[in-house]
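Peer 1:
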Amino acid sequence: MAQQHEDSNDYDFSQIQQKWQAVWDELKPFSTENASDTRPRKYVLDMFPYPSGDLHMGHAEAYALGDVIARYWRQQGFNVLHPIGWDSFGLPAENAAIKRGIDPREWTYANIEQQKRSMKLYAASFDWDRTIHTSDPEYYKWNQWLFLKMYEKGLAYRKASWVNWCPNDQTVLANEQVVDGTCERCGATAEKKKLTQWYLRITDYADRLLDDLNQLEGSWPSKVLAMQRNWIGRSIGADVDFEIEGRGEPVTVFTTRPDTLFGATFMVVAPDSDLAAELIDGAEDAVKAEFAAYLTQVQKKSEIDRQDATKEKTGVFLHRYAINPVNGERLPIWAADYVLSDYGTGAIMAVPAHDQRDLDFARAFGLPVRVVVDTNAPVTGAIPVIETDENGDPVLPDLPETDPAVTGEALGGEGRMINSGPLDGLSKANAIKRIVEQLEADGKGRSARNYRLRDWLISRQRYWGTPIPIIHGEDGSMIPVPEDQLPVVLPPSEGLDLKPKGSSPLGAAEDWVNVPNPIDGTPARRDADTMDTFVDSSWYFLRFLNPHDDTQAFDPKEAEKWAPVDQYVGGVTHAILHLLYARFITKVLYDLGYLSFTEPFSALLNQGMVLMDGSAMSKSKGNIVQLSEQLDKHGVDAVRLTMAFAGPPEDDIDWADVSPHSSAKFLARAWRLAGDVTSAPEVEWKTGNEALRRVTHRFLADAPGLIEAFKFNVVVARIMDLVNATRKAIDGGVGGADAAVREATETVALGLSLFAPYTAEDMWQKLGYEASVATYGWRKADPVLLVEQSVTAVVQVDGKVRDKLEVSPTIDPAELEALALATAGAIRAVGDREIVNVIVRAPKIVSISTKK
1 MAQQHEDSND YDFSQIQQKW QAVWDELKPF STENASDTRP RKYVLDMFPY
51 PSGDLHMGHA EAYALGDVIA RYWRQQGFNV LHPIGWDSFG LPAENAAIKR
101 GIDPREWTYA NIEQQKRSMK LYAASFDWDR TIHTSDPEYY KWNQWLFLKM
151 YEKGLAYRKA SWVNWCPNDQ TVLANEQVVD GTCERCGATA EKKKLTQWYL
201 RITDYADRLL DDLNQLEGSW PSKVLAMQRN WIGRSIGADV DFEIEGRGEP
251 VTVFTTRPDT LFGATFMVVA PDSDLAAELI DGAEDAVKAE FAAYLTQVQK
301 KSEIDRQDAT KEKTGVFLHR YAINPVNGER LPIWAADYVL SDYGTGAIMA
351 VPAHDQRDLD FARAFGLPVR VVVDTNAPVT GAIPVIETDE NGDPVLPDLP
401 ETDPAVTGEA LGGEGRMINS GPLDGLSKAN AIKRIVEQLE ADGKGRSARN
451 YRLRDWLISR QRYWGTPIPI IHGEDGSMIP VPEDQLPVVL PPSEGLDLKP
501 KGSSPLGAAE DWVNVPNPID GTPARRDADT MDTFVDSSWY FLRFLNPHDD
551 TQAFDPKEAE KWAPVDQYVG GVTHAILHLL YARFITKVLY DLGYLSFTEP
601 FSALLNQGMV LMDGSAMSKS KGNIVQLSEQ LDKHGVDAVR LTMAFAGPPE
651 DDIDWADVSP HSSAKFLARA WRLAGDVTSA PEVEWKTGNE ALRRVTHRFL
701 ADAPGLIEAF KFNVVVARIM DLVNATRKAI DGGVGGADAA VREATETVAL
751 GLSLFAPYTA EDMWQKLGYE ASVATYGWRK ADPVLLVEQS VTAVVQVDGK
801 VRDKLEVSPT IDPAELEALA LATAGAIRAV GDREIVNVIV RAPKIVSIST
851 KK
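Read in order, the letters of the sequence shown are residues 1 to 852 in full-length UniProt numbering.
Structure representation (C-alpha cells):
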C-alpha cells in the first residue's frame with residue numbers, strides 16, 4: 001500500500017512519483033538536442049558525483065539547489081543545458097575492488113546504475129542524453145589527447161624529485177592532496193619519497209591564475225577566491241646570487257626582503273634538496289654521517305610539522321660557506337628542516353634580527369644576529385640623522401631593550417635602514433628599490449616573483465585511472481603514442497595484483513606494457529603510471545557539449561554556444577584542487593586555440609553540509625541519515641523542499657532541526673488547492689478577487705530576484721504564504737470558481753515546480769494543462785496590482801507591539817505619528833508616563849519611547 005500522510009486526503013506521493021517518472025522518460029522535457037532551438041542559452045552544472053555507493057544527504061542538498069537554478073532559467077525563457085555524469089576513476093573503486101576481489105569496473109558501474117536510478121527518482125532536470133563516465137575509454141581517450149597536446153607545448157614533463165607519498169595507498173600525492181600532513185583520501189601520514197614522476201607545468205600560469213580571479217569577484221564566494229589566492233601565494237622580491245666557496249655556479253636565493261641583505265649572517269638549505277646533497281658531497285665522513293642521520297629524521301616529518309614555528313629548531317652545519325654579494329662576508333651554510341626543498345631553490349638567506357624562524361635557529365646554534373632596520377625610526381618625512389659612535393658606526397637607540405639576540409623577539413614592521421652601508425636611512429620600499437638596482441648593475445641579482453604553487457604532479461602508481469600515453473624506448477627516449485592510436489585502453493585487471501605496492505600494477509601486464517617503439521620498431525615499454533583523476537574533472541564540463549563525438553574532445557563551435565558554465569554548484573571542499581586545475585586547463589585550451597574564454601565557471605554557488613545533531617554524519621558516530629529512508633518515508637518533494645527551506649544554501653543544515661514531515665503536509669495542502677479550482681484554464685484573470693490577485697502578483701514580481709540572489713528559503717516561505725492566502729480565500733467565501741483562485745493556484749504550481757516537481761506536475765494536470773509545468777514560462781506581474789493601496793503600520797511602545805494601523809503607502813510621517821498616538825493600544829501602554837521620543841518610519845512603523 002502506498003505511503004500516505006495525515007490530513008492529505010488522496011495525496012499519495014509514491015503514486016504521483018511513479019506516474020510522472022514514466023511521463024518524463026517519454027517526454028524528455030529537459031533535452032537540449034534540438035539544434036534549431038533559438039532561445040538564449042544557459043549552462044547550469046552540478047559538480048558530478050563519485051560513484052562510491054548510493055546517493056547520500058549531501059547529494060540531496062547539492063542536486064536540489066542546482067536543480068532550482070536550472071528550472072528557474074527555463075521558466076525565464078532560456079534553453080538550459082543541465083547535464084550529469086560520473087567521476088568514475090580513482091582510488092576508492094580500486095580499493096573496494098581489492099577488498100572484494102572483483103574488477104574495479106564491476107564495482108564502479110554497479111554503483112553508477114544505482115545512483116542513476118536514485119537521481120531519476122530525485123527528479124533533477126538533467127539532460128540524460130549527455131551522460132558521461134570518465135572511466136569509459138570514449139572519455140579518457142581525450143585525457144590522453146590533452147596530455148599529448150601539453151607535452152608538445154612543454155607543459156607536461158617528467159623529472160625525479162621528492163614527492164608526497166601515501167604509505168597506505170602506495171601512491172604519490174599532489175601537494176593539494178595532503179591535508180594537515182595526511183593523505184586526504186585515507187588519512188595516513190604522508191611521507192617524502194624521491195621518484196621520477198610526470199608533472200603539468202601549472203606554475204607557468206601562476207600569474208594568470210591569480211590575476212584572473214579579479215574577473216570572478218562578486219560571482220564566486222569571497223572565501224573561495226581567498227583560498228585560491230593563498231594557495232597560489234605570489235611573493236614579490238628578488239633573486240640574489242650567492243657564490244659558494246668551492247662551487248663554480250652561484251646559488252640563487254629568493255627573498256621578499258632584499259633590503260635586509262646586510263643583516264644576513266648565515267644561509268640555510270633544505271636537507272632534502274639536491275643542493276644539500278651536492279654541498280655535503282666531499283665532506284668528511286663524520287659530517288656526512290651526521291647529515292645522513294639528520295636527513296633520515298627530516299624525511300619522517302610532514303611539511304606541516306617542518307613549518308611549525310613553535311617546534312624546536314634543528315639543523316646540521318655543512319662546513320661550507322657562501323659569500324654575501326653586498327658586503328663579501330662569509331656566511332656559514334646549514335641544513336635545517338624549516339626550509340623546504342620546493343621553495344625557490346631550496347635555500348634561504350637567514351636574517352635573524354628580522355625573521356622569527358631565523359632568530360630561533362640563530363639563538364639555538366649561537367649564530368650572529370645583526371639589526372639592520374630601526375623600527376623606532378619614523379618612515380615618513382626627511383631621512384633622519386643617523387647617530388654614530390666614536391668609530392663612526394650607526395647606533396640603534398635603546399639597543400639593549402630591543403636587540404633580538406637579547407629579547408628573542410625578531411623586529412618586524414617598518415622603519416629606517418641601519419648597519420646597511422649605502423642603504424642607511426632609507427625606508428623599506430626605497431631600500432628594496434635601491435638594492436635591487438645595485439644587484440642588477442653588479443650582475444648579482446634581479447627583481448623576481450616566487451609562488452607557493454608547485455607544478456601539478458599527475459603520476460599515480462595505481463591501476464584504475466587513465467594510462468599515460470607515453471612509450472619508453474630502450475635508450476631512455478620518450479615517444480608520445482600517435483594520436484590515431486588513442487585511446488591507450490586499460491587492460492583487464494584479471495591476473496593483475498592490484499594491491500598497492502609502490503609501483504603501478506600495469507607494469508606487470510606484460511602483454512600490454514611491452515610494445516614496439518613506434519619510431520623504429522625496437523622493444524619498448526608503455527608508461528605504467530596512470531593520471532591523477534583531477535585531470536578527468538578538469539575539463540569534463542566541455543565534454544558534456546558533445547559527449548558522443550568520437551572525433552574530438554569537444555566541438556569549439558558548441559563551446560561558443562554554451563560555455564563557459566553560467567552557474568556552477570558544488571561543495572567548498574573543491575575550492576582549491578578541482579577549481580584550480582579546471583581554471584588551468586581552460587587557460588591552456590585557450591592558448592591552444594580551442595576556446596575563446598579563459599575562466600570555466602562564470603558563477604559559483606557552494607552549498608553547506610548536511611549534519612546530524614551538530615556533527616558531520618559518520619558511521620563511527622552512529623548519526624548517519626539514509627537518504628533512501630527519508631525518500632521512502634516522506635517523498636522526494638518533501639526532502640527537496642526541506643533542503644531549500646532550511647536556510648541560505650551556503651549554510652550547514654542540521655537534519656535534526658528540520659522537518660520533512662511538515663514539508664510533506666504542506667505539499668499535500670498545496671496539492672489539494674488544484675482539486676478545489678472549478679474555473680476553466682481560459683478564465684479571465686481580471687474578474688477575480690483583487691486582494692488575492694495582489695498577493696499572487698507580488699510573489700510573481702519578487703520570486704525571480706530572490707532566486708537569483710539564492711534566497712531559496714525565502715521563496716519557499718512566500719509560496720507557503722500564497723497557499724495560505726488562497727486557502728483562506730476559498731474557505732472564506734470567494735470560492736474555487738473565482739478566477740483569482742485559479743490564478744493563485746497555477747502560480748503555486750509554477751513556484752513549486754522549482755522545488756517539488758512531482759507535486760507541481762500533478763497540480764498542473766489537475767488544473768487542466770498538459771505536461772510539463774517545468775517548460776511553462778514564468779508569468780509577468782501586473783504592475784497595477786503591485787501598487788499597494790494600504791499597508792500595515794506597526795505601533796510600538798517601549799519596543800513592544802501595541803497596535804496596528806491600515807494606512808496609505810504615501811502617508812505623511814506627521815499624520816502617521818498622530819494616528820499612532822491616538823490608537824487605543826498606544827494610549828493604554830503609555831498610561832501616565834511621559835513620552836520622551838517618537839521615531840516614525842513611514843509607512844511601516846512608529847516607535848514610542850516613554851520615561852521609566
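A virtual CB, placed ideally from N, CA and C, is assigned to each residue, including glycine.
1) Could you please give the first and the last residue of the uninterrupted beta strand (DSSP E) stretch that includes leucine 627?
2) Using the DSSP secondary-structure output, state which residues sit across from leucine 45 in a beta bridge.
3) Of all the options Glu290, Glu329 and Ala336, which has the alpha carbon lying nearest to the alpha carbon of aspartate 305?
4) Excluding the 5 residues flanking lysine 621 on each side, which residues of the same chain have their C-beta closer than 7 Å to its C-beta?
5) What separation, rounded to the nearest whole angstrom, lies between the Cα atoms of aspartate 239 and aspartate 424?
6) Which two residues bound the contiguous beta strand (DSSP E) that contains isoleucine 244?
7) Which term fits arginine 828, buried or exposed, when burial requires 16 or more other beta carbons within 10 angstroms of its beta carbon?
8) Would you identify the three-state DSSP class for glutamine 170, choosing helix, strand or coil?
9) Taking the straight line between their C-alpha atoms, what separation do you get for glycine 443 and valine 373?
10) Closest to aspartate 532 by C-alpha separation, out of Gln114, Thr134 and Asp54, would be which residue?
11) If distances are taken between C-alpha atoms only, which option among Gly831, Val830, Asp832 and Leu819 comes closest to residue 886?
12) With alanine 294 as the anchor, note down where its alpha helix (DSSP H) starts and where it stops.
13) Just to confirm my understanding: we take arginine 446, look at its own chain, exclude 5 residues before and 5 after, and list those with CB closer than 8 Å. What are they?
14) Quick one: Cα of leucine 173 to Cα of asparagine 514, how far?
15) Find out if the Cβ-Cβ distance for the pair residue 856, tyrosine 122 is shorter than 7 Å.
16) Considering alanine 670, what are the terminal residues of the beta strand (DSSP E) in which it resides?
17) Start and end of the beta strand (DSSP E) containing residue 877?
18) With a threshold of 7 Å on Cβ separation, who are the neighbours of alanine 264 within its own chain once the five nearest residues in sequence on each side are excluded?
19) Would you say tyrosine 594 touches the ligand GDP, meaning its beta carbon is less than 6 Å from a heavy atom?
20) Taking the alpha-carbon positions, what's the serine 808 to lysine 844 distance?
21) Does the stretch 52-69 come close enough to the stretch 105-125 to have 3 or more Cβ pairs within less than 8 Å?
22) When DSSP builds the beta bridges, which residues end up paired with glutamate 191?
23) DSSP three-state label for glycine 85, please.
24) Would the stretch 756-771 count as touching the stretch 16-29 if we require 3 or more Cβ pairs under 8 Å?
25) Three-state secondary structure (DSSP) at valine 376?
26) Got a sec? Which residues, its chain only, sit under 7 Å from leucine 399 by beta carbon, not counting five neighbours each side?
27) Considering only their Cβ atoms, is the gap separating serine 302 from residue 853 smaller than 7 Å?
28) Return yes when the Cβ of histidine 82 is within less than 7 Å of the Cβ of phenylalanine 126, no when it is not.
29) With DSSP collapsed to three states, give me the class of lysine 223.
30) Following the continuous alpha helix (DSSP H) through threonine 598, name the residue where it begins and the one where it ends.
31) Could you tell me the boundaries of the alpha helix (DSSP H) in which leucine 91 lies?
32) For my contact list, aspartate 87 and aspartate 536 are in at a C-beta cut-off of 8 Å; report their separation, rounded to the angstrom.
33) Inspect the CB distances between the stretch 727-742 and the stretch 682-702 and report whether three or more fall short of 8 Å.
34) Just the Cα atoms here: how many angstroms apart are leucine 706 and valine 714?
35) Counting C-beta neighbours from all protein chains within 10 Å, is the total for cysteine 183 16 or more, i.e. buried, or is it exposed?
36) Contact between the stretch 597-609 and the stretch 563-577 is defined here as three or more beta-carbon pairs at a separation below 8 Å; is this criterion met?
Peer 2: Working from what's here:
1) Mapped onto the sequence shown, residue 627 falls at position 627. Segment 627-634 is the alpha helix (DSSP H) holding leucine 627; no beta strand (DSSP E) there.
2) The sequence position of residue 45 within the sequence shown is 45, counting from 1. Answer is Tyr568.
3) Looking up residue 305 in the sequence shown gives position 305. Of Glu290, Glu329 and Ala336, the smallest CA-CA separation from aspartate 305 is found for Ala336.
4) Working through the sequence shown from its first residue, we reach residue 621 at position 621. So the list reads Ser615, once near-sequence residues are dropped.
5) The count along the sequence shown starts at 1 and reaches residue 239 at position 239. The count along the sequence shown starts at 1 and reaches residue 424 at position 424. So the two alpha carbons sit approximately 22 Å from each other.
6) Here residue 244 corresponds to residue number 244 of the sequence shown, with the count starting at 1. 234-244 is the extent of the beta strand (DSSP E) around isoleucine 244.
7) In the sequence shown, residue 828 corresponds to position 828, counting from 1. Label assigned to arginine 828: exposed.
8) By 1-based counting over the sequence shown, the position of residue 170 is 170. Of the three classes helix, strand and coil, the one that applies to glutamine 170 here is coil, per DSSP.
9) Working through the sequence shown from its first residue, we reach residue 443 at position 443. Working through the sequence shown from its first residue, we reach residue 373 at position 373. When rounded, the distance between both Cα atoms is 25 Å.
10) Here residue 532 corresponds to residue number 532 of the sequence shown, with the count starting at 1. Of the candidates Gln114, Thr134 and Asp54, the one whose C-alpha sits nearest the C-alpha of aspartate 532 is Thr134.
11) With the chain covering only 1 through 852, there is no way to say anything about residue 886.
12) Taking the first residue of the sequence shown as position 1, residue 294 is located at position 294. A quick correction: the sequence has tyrosine, not alanine, at residue 294. It spans 285-299 - the alpha helix (DSSP H) in which tyrosine 294 sits, taken as one unbroken run.
13) The residue you call residue 446 lines up with position 446 of the sequence shown. Answer for arginine 446: Ala238, Asp239, Val436, Leu439 and Glu440, listed in chain order.
14) As a working mapping, residue 173 is identified with position 173 in the sequence shown. As a working mapping, residue 514 is identified with position 514 in the sequence shown. Using only the alpha carbons, I get a separation of about 27 Å.
15) Lying before the first or after the last residue shown, residue 856 is absent from the chain, which here runs from 1 to 852.
16) Your numbering for residue 670 matches position 670 in the sequence shown. Here alanine 670 belongs to no beta strand (DSSP E); instead the alpha helix (DSSP H) covers 660-676.
17) Look at the range of the chain in this structure, 1 to 852, and you will see that residue 877 is not part of it.
18) Sequence index remark: in the sequence shown, residue 264 carries index 264 (1-based). Taken in chain order, the residues that qualify are Asn324, Leu331, Met349, Ala350 and Val351.
19) Absent from the structure shown: the ligand GDP. Ligands present: none.
20) Along the sequence shown, read from residue 1 onward, the residue named residue 808 stands at position 808. Along the sequence shown, read from residue 1 onward, the residue named residue 844 stands at position 844. Looking at the two C-alpha atoms, the distance is approximately 10 Å.
21) yes
22) Position 191 of the sequence shown holds residue 191. Looking at the DSSP assignment, glutamate 191 forms a beta bridge with Trp165.
23) Looking up residue 85 in the sequence shown gives position 85. When DSSP states are grouped into helix, strand and coil, glycine 85 belongs to the strand group.
24) yes
25) Working through the sequence shown from its first residue, we reach residue 376 at position 376. In the sequence as presented, valine is not what sits at residue 376; that position holds asparagine. Reduced to three states, the DSSP call for asparagine 376 is coil.
26) Taking the sequence shown and counting its residues from 1, the one referred to as residue 399 is at position 399. At leucine 399 the pLDDT is 46, less than 50, meaning the model places this residue with poor confidence; the figure from the coordinates comes in the next sentence. Excluding residues within five positions, none has a Cβ falling inside 7 Å.
27) Here the chain has residues from 1 to 852 only, and residue 853 is not among them.
28) Looking up residue 126 in the sequence shown gives position 126. Looking up residue 82 in the sequence shown gives position 82. Against a cut-off of 7 Å, the Cβ pair of histidine 82 and phenylalanine 126 comes out as a contact.
29) Translated into positions along the sequence shown, residue 223 becomes position 223. Helix.
30) Here the question's residue 598 lines up with position 598 in the sequence shown. It is not in any alpha helix (DSSP H) - threonine 598 carries neither H nor E in the DSSP assignment.
31) Taking the first residue of the sequence shown as 1, we reach residue 91 at position 91. Residues 91-100.
32) As a working mapping, residue 87 is identified with position 87 in the sequence shown. As a working mapping, residue 536 is identified with position 536 in the sequence shown. Rounded, the Cβ-Cβ distance is 6 Å, consistent with contact.
33) In short, these stretches touch, since the Cβ pair count reaches three.
34) Position 706 of the sequence shown, counted from the first residue, corresponds to residue 706. Position 714 of the sequence shown, counted from the first residue, corresponds to residue 714. Cα-Cα distance, rounded: 7 Å.
35) Reading the sequence shown from its first residue, position 183 is the one you call residue 183. Buried is the call here.
36) yes
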